[in-house]
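Protein chains in written order, with this note's numbering: chain A, 378 to 563; chain B, 77 to 312.
Cβ atoms here follow ideal geometry from the backbone N, Cα and C, with glycine treated the same way.
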Amino acid sequence: MEHNASVVSELRLLYKYFKQRNIRGMREMSNVFTKDLMVYQNKVYLDLALVSLLLAKMVEKPRFWKFEEWKNNVFAIEDMLKRCIELCKENDIKSVRALLLRVFGMLRKVNRRDRRYVNSMMTHARIKVGATLYAQGISLGKASHLSGATKDDILKYSGKTLISDRFGKTYSVLERIKNVRTIFRT
Amino acid sequence: MSEPYSELNRNSIVCDASSLISLAEGCMLDVLSLLHQYMYGDFIYPRTVRYESIEHPLNMKEHSLRALRLMDYEHGGVLKVVDLDVTRQMKDIMNISNSIFKVKGKPIKLVDPGEAAQVALAIELGISNILIDERTMRTLIEAPFKLKKHLEREFKKDIYVEDRLLDRLLDLSENLKIIRSSELVILAYEKGYFDRYGEHKQDALQSALYTLKFSGCSISFEEIDEIMREVYAGKL
C-alpha cells in the first residue's frame, strides 16, 4: 500500500488506546480509519474502523468484564494488534486482514455469551461506519457498498442524527415546492 | 413491467432508492398513488434502482415487506421500470463524479452505480425531474462547492477541484431539478391527502415531515419549520 506509513502510525495509536482502555481514543481511531476508507477505498480500512469501534464497545460495557474469557482475550488482542503493526510495516496487508478476522471471531464469541440486541454487534458497527461515511460526504450508495450495511439501515441511522441540519440548504424549500407544482395538474 | 421509453412523458419523475425507502419507511407510498393521478408523466426508475429497492431487499427478512409494497405499486402502474440501457452514460457520470474532488492527491469516489444510473436515465430521456432523498448526489448537482466545503471541514485539508470535470457534470445536469420526498408529501397535502384528519391535518403534515426526516430524507428542522410557518399562515 502506498499509504503504508500512515496506517502504521494509526495502528500504533489504536494499540496504545486499547492498552490504555481509552474508549474515546478507540472511537476516534474508528473515525480516522473511516476517513481513510473514504479516500483509499481499501477493505483493510473497513476492518480497522470496525475493530476500533467494536473494541471500544466491548471495553465500555461492564457486563463483558465478568467473563474470564474476555479478560484473557484482551491480552491476546493486544498481542494481535502489535503483530498487525509489524505486518503492516512489511506491507503484508493480507495477513493483517486475516489477523483482524481472528479478532472479530473472538469478539463475536464473547458477545454471544450476553447478547442484548437483535442485530449483532458487527451489524451495528457496520451501520455506524456506513453512517459516518455518509456524514463525511460520500453518497448513500457508496457508503452502503463500502461498509456492507444496507441503504435502509444507514438512512434510518442518519435520519436520527443532525447530518441534514449541519449540511445547510442548497435551494429554499419554498422554491422547491414551487417547482414541484409545475409537474402536476392543478 | 417495463415501459417503452419512447412513450414516456417528459414530465415524468425519475426516482432513486433513497426516496422510495423514506416513503416506504414512513408508510407514505400512497402519496405516489395520489399524485400519480395529477401527473402528466409517471414515476419511473432504472433497472439498477429497481434492484436496490425491490430485488435485493426481497431476500432480506427485515426489508422484504417494503420491497413487496413497492412491487404492489409497480403492478398498479404507479411506479414504472424503464429498461433503457444507460450503462455507458452511467459509467460516464460515475467517472466524472468520482474524479471531481481530490484529497491527498487521490480522487474521492463519491457515488455508486445506482445513483449515477438515475441521473443518466433522466439525462438520456430528457426528463428534468429527479426524486432524491440522499444528500451527496443532490448537493453535487445543486451546489458542488458546498460539498467541497463540507469535505474540507471533514478532512481538515484543502480539497482540489478538477474544474474541467465539474463543468462537464454541471453541463450534463444543467436541466435537472431535484425533488425530495418531503416536497411530494407537501404537494399531497395541498391535494387533500391529509384532509381525513380534519382540523388536525396540519399536525399530520408536520408529523409526516418529521417521519420522513427520521427515515433519512435530507430535510432540516429549519426547513420543516419554514414549511409549517407557511402552512399555518395559510400560504400552503
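Query raised in the report: What does A/Y548 reach in chain B if we use C-beta pairs closer than 9 angstroms?
Result: E218, A219 and I254
Query - C-alpha gap between B/Y236 and B/V162, whole angstroms - result: 29 angstroms
Requested in this report: Kindly list the residues whose CB is nearer than 6 angstroms to the CB of B/S88, restricted to its own chain and excluding five residues on each side of it in sequence; keep chain order.
Outcome: G117, D118, I120 and I203
Query - Burial state of A/P439 (16 or more Cβ within 10 Å) - result: exposed
Requested in this report: Go ahead and pull the three-state DSSP assignment for B/V307.
Outcome: helix
Query - Cβ pair B/L108, B/L155 closer than 8 angstroms - result: yes
Query raised in the report: Identify the residues that DSSP records as bridge partners of B/K182: which are they?
Result: B/V179
**Report entry** C-beta atoms of A/K519 and A/L430 nearer than 8 angstroms
**Finding:** no
**Report entry** Through-space distance from A/W442 to A/N488, alpha-carbon basis
**Finding:** 11 angstroms
**Report entry** Under 7 angstroms from the C-beta of B/A93: neighbouring residues of chain A
**Finding:** K528
Requested in this report: Report yes or no: is there a C-beta of chain A within less than 8 angstroms of the C-beta of B/S302?
Outcome: A small correction: the amino acid at residue 302 of chain B is Glu; Ser does not occupy that position in the sequence shown. So yes, B/E302 belongs to the interface.
Query - Through-space distance from B/K224 to B/L65, alpha-carbon basis - result: Given a span of 77 to 312 for chain B in the structure shown, any question on residue 65 of chain B remains unanswerable.
Query - According to DSSP, residues forming a beta bridge with B/M115 - result: A/F561
Query - Interface flag, B/P227 vs chain A, CB-CB below 8 angstroms - result: Sequence inspection shows Leu at residue 227 of chain B; the Pro mentioned does not correspond to that position. Chain A contact via Cβ: present.
Requested in this report: Would you mind sorting A/C465 into buried or exposed? The rule is 16 or more other CB atoms within 10 Å of its CB.
Outcome: buried
Requested in this report: Ignoring anything shorter than 3 residues or poking outside the stretch 251–311 of chain B, list the beta strand (DSSP E) runs there in chain order.
Outcome: 253–255
Query raised in the report: At what residues does the alpha helix (DSSP H) containing A/C465 begin and finish?
Result: E445 to K466
Query - For B/I235, the three-state DSSP class (helix, strand or coil) - result: coil
**Report entry** Straight-line Cα distance separating A/Q513 from B/E230
**Finding:** 6 angstroms
Query raised in the report: Would A/I470 pass as a contact of A/V385 if the rule is Cβ separation under 8 angstroms?
Result: no
Requested in this report: Kindly list the residues whose CB is nearer than 6 angstroms to the CB of B/I169, restricted to its own chain and excluding five residues on each side of it in sequence; keep chain order.
Outcome: A192, V195 and A196
Query raised in the report: beta strand (DSSP E) containing B/K156: first to last residue?
Result: L155 to V158
**Report entry** Cβ neighbour criterion (16 or more within 10 Å) applied to B/Q165
**Finding:** buried
**Report entry** Proximity below 8 angstroms, CB of B/T48 to CB of A/T547
**Finding:** This structure gives no information on residue 48 of chain B, because the portion of chain B shown stretches from 77 to 312.
Query raised in the report: In whole angstroms, what separates the C-alpha of A/K459 from that of A/M499?
Result: 22 angstroms
Requested in this report: Determine the DSSP secondary structure at B/Y121, reduced to helix, strand or coil.
Outcome: strand
Query - Other residues of its chain near B/M147: CB distance less than 7 angstroms, five sequence neighbours each side excluded - result: I130
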